[in-house]
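If you read the sequence shown in UniProt numbering, its first letter stands for residue 1, the second for the next number, and so on. Built from N, CA and C at the ideal position, the CB exists for glycine as well. Taking it in order: structure first as structure tokens, then the write-up.
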Amino acid sequence: MNLRGCEVTPDVNISGQKFNIKLLIPVAEGMNEIWLRCDNEKQYAHWMAACRLASKGKTMADSSYNLEVQNILSFLKMQHLNPDPQLIPEQITTDINPECLVSPRYLKKYKNKQITARILEAHQNVAQMSLIEAKMRFIQAWQSLPEFGITHFIARFQGGKKEELIGIAYNRLIRMDASTGDAIKTWRFSNMKQWNVNWEIKMVTVEFADEVRLSFICTEVDCKVVHEFIGGYIFLSTRAKDQNESLDEEMFYKLTSGWV
């Protein structure tokens, strides 16, 4: 089973001891969906790390594997409930405004008191850390989120009858269901032959290997924004890791301006 280019999505519930991994594997007809069900956190962390590396074309022999496992375990640890709620200072609860910290969908689902209690329980997992360590843990947790690094645009695909989402990451385009956010199809930039924009009708067209052609119109932003995202990521992928490399401004503007 070749996992290169697949979408790896966690389905975890710590309190319910649910540790699942959803894989969406690109095939000619669309995406094959495969579920992996793990028995515990440790097994989940190792499998999730392996799947993430496999999606990038790497194996568990890669030097980043052990670090990836540790980051996943740290992220899971932050989600554990505090076994002793009495350790939470009561006076802190008056200083928390859930509306500033959680999305509206959770405000509708839970009462403010419930949300505040959960925030404070999670806070106890990082309360003893130094400022730098807490910031690093926050960044690691942010990077562990399923949609980290993906910018979403509302789009209407050629031949489609309803609005969908187009997600743009540093290495791929993702067609997504607008109501659920689930990935429908993924295309890697490494398989892209070319892309262009019809500026009159504001349509972006991307051509991939195997004669795959993707055309869509963004309904809420100018197509130039999407063009700049794609061009910018392509430009970054061509740069070497050597930070002393001079910036090829001509190539950058050629890939992002749409006019050269």
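With three or more CB-CB distances shorter than 8 Å, the region 39 to 47 counts as touching the region 62 to 79. By the C-beta density criterion, C6 is buried, having at least 16 other C-beta atoms within 10 angstroms.
With a cutoff of 8 Å on beta-carbon distance, M203 and I217 are scored as near each other. As the crow flies, the alpha-carbon of R118 is around 10 Å from that of N112. Residue pairing for D11: DSSP places it in a beta bridge opposite N20.
For S237, the enclosing alpha helix (DSSP H) starts and ends at C223 to T238. Straight-line spacing of the CA atoms in R156 and E133 works out to 43 Å. Residues E7, L24, I25, A183, I184, K185 and T186 of the same chain have their beta carbon placed closer than 8 Å to that of M31, with the five preceding and five following residues left out of the count. The Cβ-Cβ distance between Y110 and Y170 does not fall below 8 Å. Leaving aside the five residues that flank S144 on each side, the residues in its chain whose CB is nearer than 6 Å to its CB run, in chain order, F75. For I115, the enclosing alpha helix (DSSP H) stretches over residues N112 to H123. Along the length of the region 125 to 202, whole beta strand (DSSP E) runs at least 3 residues long occupy 151 to 157, 164 to 168, 172 to 176, 183 to 188 and 192 to 198, reported in chain order.
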